[in-house]
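Okay, so here's the structure we're looking at.
Have a look at this one:
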């Protein structure tokens, strides 16, 4: 059913031999990472394996020492930014900053300008439909800084989808979410991906959680040490031995 | 009170600086930069001392220059060393207070001279200070108004702002400069020790009364304006330093806001029929 990335049409994300050294320590040591259009690809690896650094390279926030990053075939990452939605691991929000969810979402709209975000009809409709898609309508008037981990992640997804991106990058999106909430969250992402025909890169420390939705998995530990279909990666002896990623057979029954 | 030229200047300065500090304060508190502002203001003491040493009757220029220098030093050390930002700031703050006090003592200045800079003085507001305050007020007011979306996004999360096309580094740099200049000019009104309170208290007061950022910004502006003007007028009427009087006015408003908030929570909204 799934083919390996080379055979699946145009590449949305491609890195060639990417190397990054930070503070004298090699973080990425020749990473080749490819994501074909329309796929949901998981990037897994333990803490400190370079996942976040790789993501920062893709976003143009980290300059690689050598190697190449291409997004939509473009080598200038900044050109590609308007086509990207990004969901960070966490926010730096202070509780005293009471930006409401509605105001936050309006920040992403092109024609939100000044007048202190006074409701703008087209904007308001777009915002309403985006929160309806993700199921967070009831949160619109709550301050962003007062949401629970799960609510916040959903709002961030709604935010990242507002400008109809083609590529969605999620950095450990369930870091502040409890385990049952985590699974429904990944189901939501898979659902959105299917409906909008998105290309998705999902960074996670835990393969068992993304097992059900990913069509291809890259396991990173400084280099791509293993890649393939989730079943393949999950059973790879080399992976377990190399760095003991949590690969419980938790979701096997879903697939048989 | 309103016929004396020095009082007119002081009230004008308060009219500009109150809302200006309160507006910046919304973002300063949200970005945990209150200590940054405190460090810059204390750093100004060395600037004041150097000004006196050079025989300047009015040390506004060295005060502003030295504040900018301290801000630059914080940013530079943060990027070049492994030191925690708090440590860097505590270091620079105590260093410049120490140097400033040593110079002032060697110059045998009267304690009253130092007092005026530590706690603010309405008599110290000259035409230059009023013009500086007005210029900053216009520049920052327009700037924040135009860049409100970008500034809010950076406050939420810098990487996300970058993906949304916000020039994060440039805007952060501008914010630091604007904050530094505002603090430096406001020192004449509130004093080195108290200047940060006009940045911190109005947004905190507004916060307990508002449900979104729009309300918080507007209320904070109003509270900054009222606090600065009322404090300045009371300082004249009671013949006490202007900085402490503005702070006390703002704190009274803060306590009232806490009361209003508690009252709102205790009395549920009437159900709609």
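Chains as they are written, first to last, in our numbering: chain A, 14 to 269; chain B, 135 to 407.
Note that CB positions come from ideal geometry on N, CA and C, so glycine has one too.
How is residue 247 of chain B classed by DSSP in three states: helix, strand or coil?
Correct three-state label for residue 247 of chain B: helix.
What span of residues does the alpha helix (DSSP H) with residue 384 of chain B cover, start to end?
Looking at the DSSP string, the run of the alpha helix (DSSP H) that includes residue 384 of chain B is 376-400.
Please check if any C-beta of chain B sits within less than 8 Å of the C-beta of residue 294 of chain A.
Lying outside 14 to 269, the shown extent of chain A, residue 294 of chain A is not represented and no answer is given.
Can you round the beta-carbon distance between residue 85 of chain A and residue 96 of chain A to whole angstroms, since I take them to be within the 8 Å contact cut?
The Cβ separation is near 6 Å, so the contact holds.
Report buried or exposed for residue 216 of chain B, applying the criterion of at least 16 other Cβ atoms within 10 angstroms of its Cβ.
Exposed, by the Cβ-count rule.
Check this for me: beta carbons of residue 254 of chain B and residue 363 of chain B, under 8 Å apart or not?
No, they are not a contact pair.
Taking the beta strand (DSSP E) that residue 110 of chain A falls in, what are its first and last residues?
Neither: residue 110 of chain A is in no beta strand (DSSP E) and is coded neither H nor E.
Assuming residue 330 of chain B and residue 175 of chain B form a contact by the criterion Cβ under 8 Å, report the distance between their Cβ atoms to the nearest whole angstrom.
Confirmed, Cβ separation roughly 6 Å.
Please go through the segment 160-245 of chain A and give each complete alpha helix (DSSP H) segment of 4 or more residues, from N-terminal end onward.
DSSP runs (the alpha helix (DSSP H)) wholly in the segment 160-245 of chain A: 162-174, 192-209, 220-223.
Got a sec: is the Cβ-Cβ distance from residue 164 of chain B to anything in chain A below 8 Å?
Residue 164 of chain B counts as touching chain A.
In whole angstroms, what separates the C-alpha of residue 251 of chain B from that of residue 372 of chain B?
Approximately 19 Å, taken between the alpha carbons.
Contact criterion: CB-CB distance below 8 Å. Does residue 112 of chain A meet it with respect to chain B?
Closer than 8 Å: yes.
Give the straight-line distance between the Cα atoms of residue 136 of chain A and residue 34 of chain A, rounded to the nearest whole angstrom.
Using only the alpha carbons, I get a separation of about 43 Å.
State the Cα-Cα distance for the pair residue 152 of chain B and residue 153 of chain A, rounded to the nearest angstrom.
Spanning the two alpha carbons is a distance of roughly 32 Å.
Rank B:376, B:167, B:199, B:282 by C-alpha distance to the C-alpha of residue 249 of chain B and give the top, closest one.
Comparing Cα-Cα distances from residue 249 of chain B to each of B:376, B:167, B:199, B:282, the minimum goes to B:376.
So, at 8 Å on beta carbons, what are the nonlocal neighbours of residue 263 of chain A in its own chain, with the 5 sequence-adjacent residues on each side left out?
In this prediction, residue 263 of chain A scores a pLDDT of 44, lower than 50, which makes its location untrustworthy; no coordinate-derived value is stated.
What is the DSSP secondary structure of residue 97 of chain A, counted as helix, strand or coil?
Here residue 97 of chain A sits in strand by DSSP.
Could you tell me which residues DSSP puts in a beta bridge with residue 165 of chain B?
Residue 165 of chain B is not bridged to any residue.
When the Cα of residue 335 of chain B is compared with those of B:155, B:211, B:349, which residue comes out closest?
Checked all of B:155, B:211, B:349; the closest Cα to residue 335 of chain B is B:155.
Using the beta-carbon count (16 or more within 10 Å), is residue 197 of chain A buried or exposed?
Exposed: under 16 other Cβ atoms inside 10 Å.
Given a threshold of 16 other Cβ atoms within 10 Å of its Cβ, counted over all protein chains shown, does residue 247 of chain A qualify as buried or as exposed?
The residue in question, residue 247 of chain A, is buried, as its Cβ has 16 or more Cβ neighbours within 10 Å.
Taking residue 39 of chain A as the query, report the chain B residues whose CB atoms sit under 7 Å from its CB, ordered along the chain.
Simply none; closest approach about 19 Å.
Can you tell me which of A:178, A:204, A:212, A:121 puts its alpha carbon nearest to the alpha carbon of residue 287 of chain B?
Of the listed residues, the one whose Cα sits closest to residue 287 of chain B is A:121.
Who are the neighbours of residue 217 of chain A on chain B, taking C-beta pairs under 9 Å?
Within 9 Å Cβ-Cβ: nothing; residue 217 of chain A doesn't reach chain B, min ~18 Å.
How far does the alpha helix (DSSP H) with residue 362 of chain B in it reach, from first residue to last?
It spans 347-372 - the alpha helix (DSSP H) in which residue 362 of chain B sits, taken as one unbroken run.
Can you find a CB in chain B that lies within less than 8 Å of the CB of residue 99 of chain A?
Chain B, which has a Cβ nearer than 8 Å to the Cβ of residue 99 of chain A, makes this yes.
Which whole runs of the alpha helix (DSSP H) in the segment 250-319 of chain B are 4 residues long or more, in chain order?
Entirely contained in the segment 250-319 of chain B, the alpha helix (DSSP H) runs reaching 4 residues are, in chain order, 261-280, 282-290, 292-297.
Can you tell which of A:22, A:165, A:30 has its C-alpha closest to the C-alpha of residue 40 of chain A?
Of A:22, A:165, A:30, the residue nearest in Cα terms is A:30.
Can you tell which of B:257, B:307, B:305, B:240 has the C-alpha that lies nearest to the C-alpha of residue 374 of chain B?
Selected option, being the one with the closest Cα: B:257.
Under 7 Å Cβ-Cβ, which residues of chain A neighbour residue 157 of chain B?
Here the premise fails: no neighbours, minimum Cβ distance about 12 Å.
Would you mind reading off the limits of the beta strand (DSSP E) that contains residue 46 of chain A?
First-last of the beta strand (DSSP E) with residue 46 of chain A: 38-49.
Who are the near neighbours of residue 136 of chain B in its chain, counting only those whose CB is closer than 8 Å to its CB and skipping five residues on each side?
Only 142, 145 meet the Cβ criterion.
Identify the continuous beta strand (DSSP E) that holds residue 208 of chain B and give its terminal residues.
First-last for residue 208 of chain B: 194-214, but that is the alpha helix (DSSP H), not the beta strand (DSSP E).
So what does DSSP say about residue 79 of chain A, is it helix, strand or coil?
Reduced to three states, the DSSP call for residue 79 of chain A is strand.
Flag residue 263 of chain A as yes if its beta-carbon sits less than 8 Å from any beta-carbon of chain B, otherwise no.
Annotation note: pLDDT 44 at residue 263 of chain A (below 50); position unreliable, coordinate value reported separately. No, residue 263 of chain A lies away from the interface with chain B (no Cβ there is under 8 Å from its Cβ).
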